[in-house]
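Worksheet: the structure to be examined is printed underneath.
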Amino acid sequence: MKKILSKKEITKIYKSICEYYEKYLKKRGVKLPRLFNNNGKYTKDALVLVYLAQDYPETKKVSKGELTRFIEIYYPNVNDVQQARHLGAQKGWYIAAGGRDNRDVVLKRGEYQLVNLEKPYPAFHGHRVEKTDDWEELKKEYGYRCATCGSEEGKPNIHWPNTTTKLQKGHKNPNKPLVNGNIIPQCQKCNRADRNNWVYDERGRVIKLANPNVIKRSEKKIRWKVYKILYKEFDGKNPDE
Ligand SMILES: [Zn+2]
4 MKKILSKKEI TKIYKSICEY YEKYLKKRGV KLPRLFNNNG KYTKDALVLV
54 YLAQDYPETK KVSKGELTRF IEIYYPNVND VQQARHLGAQ KGWYIAAGGR
104 DNRDVVLKRG EYQLVNLEKP YPAFHGHRVE KTDDWEELKK EYGYRCATCG
154 SEEGKPNIHW PNTTTKLQKG HKNPNKPLVN GNIIPQCQKC NRADRNNWVY
204 DERGRVIKLA NPNVIKRSEK KIRWKVYKIL YKEFDGKNPD E
């Protein structure tokens, strides 16, 4: 890998990243960093991405130290370069990181490698799932897997190995109708009645309470904390007034 890149090289690599992005990654919700910030300086995200994308698809593994030295050229006070990790897990770029479960490349802890510019990072579900009326299309967007547990349609269920996974239309918010935008595929295990206590996001994860009665079943310590939150929010107001 080149340790120093000219302006021209950076522009060229960034342009080629943009081409892949437009073609493959944008529709999957991957986030493209801007090349320059408002002060006309390269952004750290873009620098890291460009550095890792050198010679794509023949990319090499890069240590965190090497990345740091590269970023230091532009940001002399930088100490801990976390961008490669964030670009992967949070922004969706397929950057394998050593010490994280990846099966594509063998990396040591603190090493990174850009694996692919045509596919997002495998565990990345940050994309807004496109609203679709078409149930088959929706399942396809989820890779025919339960949004919550990942069980695959037609395969043994992760929770119930003797049962074949069947995907059902699950509510994101059980208090709203099961319409376009409020549906996630869930397996028969994750779509059982108790799930109606919760509001799910499009990644199939619990984000809110849908049934206030859950509070009654919670531990006293939790109830006390909830009470404190609400007492503060509503200024100690009598609810019956
Ligand atoms: Zn499930």
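One rule links them: number in the numbering used here = place in the sequence shown (from 1) + 3.
Note that the Cβ used here is the ideal one computed from N, Cα and C, for glycine as well.
Specify, as a first and last residue, the run of the alpha helix (DSSP H) that residue i falls within.
i      : result
Asn216 : 216-220
Lys11  : 10-23
Gly91  : 86-92
Leu141 : 138-144
Ile225 : 223-236
Using only the alpha-carbon positions, how far apart do residue i and residue j sit?
i      : j      : result
Asp48  : Asn165 : 46 Å
Leu35  : Gly146 : 23 Å
Gly43  : Tyr77  : 12 Å
Ser221 : Lys228 : 11 Å
Thr62  : Asn119 : 9 Å
Asp137 : Arg37  : 34 Å
Tyr97  : Pro60  : 12 Å
Asn183 : Lys175 : 11 Å
Lys18  : Lys64  : 21 Å
His162 : Cys149 : 12 Å
Arg208 : Lys172 : 15 Å
Gln57  : Glu12  : 9 Å
Tyr124 : Tyr45  : 24 Å
Arg117 : Gly32  : It is Leu, not Arg, that sits at residue 117 in the sequence shown. Between Leu117 and Gly32, the C-alpha separation is close to 18 Å.
Looking at ligand 1, does it come within less than 7 Å of residue i, judged from the CB to the closest heavy atom?
i      : result
Lys192 : yes
Thr167 : no
Cys21  : no
Ser221 : no
Gln171 : no
Thr151 : yes
Gln86  : no
Gln189 : yes
Ser154 : yes
State the start and end residues of the unbroken beta strand (DSSP E) segment that holds residue i.
i      : result
Glu114 : 114-119
Pro202 : First, the residue type needs correcting, since residue 202 is Val and not Pro in the sequence shown. That run of the beta strand (DSSP E) goes 201-203.
Val81  : Looking at the DSSP string, Val81 is not in any beta strand (DSSP E), and its letter there is neither H nor E.
Tyr97  : 97-100
Ile210 : 209-212
Leu38  : Run containing Leu38: none; DSSP gives neither H nor E here.
Leu170 : 170-174
Pro188 : 186-190
Go ahead and label residue i buried or exposed: buried means 16 or more other beta carbons lie within 10 angstroms of its beta carbon, across all protein chains shown.
i      : result
Lys67  : buried
Gln93  : exposed
Glu114 : buried
Asn80  : exposed
Asn241 : exposed
Val84  : buried
Thr14  : exposed
Gly74  : Correcting the residue identity first, residue 74 is Ile in this sequence and not Gly. Looking at its Cβ environment, which holds 16 or more other Cβ atoms inside 10 Å, Ile74 is buried.
Asn188 : The question names Asn, yet the displayed sequence has Pro at residue 188. Per the 10 Å Cβ criterion, buried.
Inspect the CB distances between the stretch 189-198 and the stretch 150-169 and report whether three or more fall short of 8 Å.
-> yes
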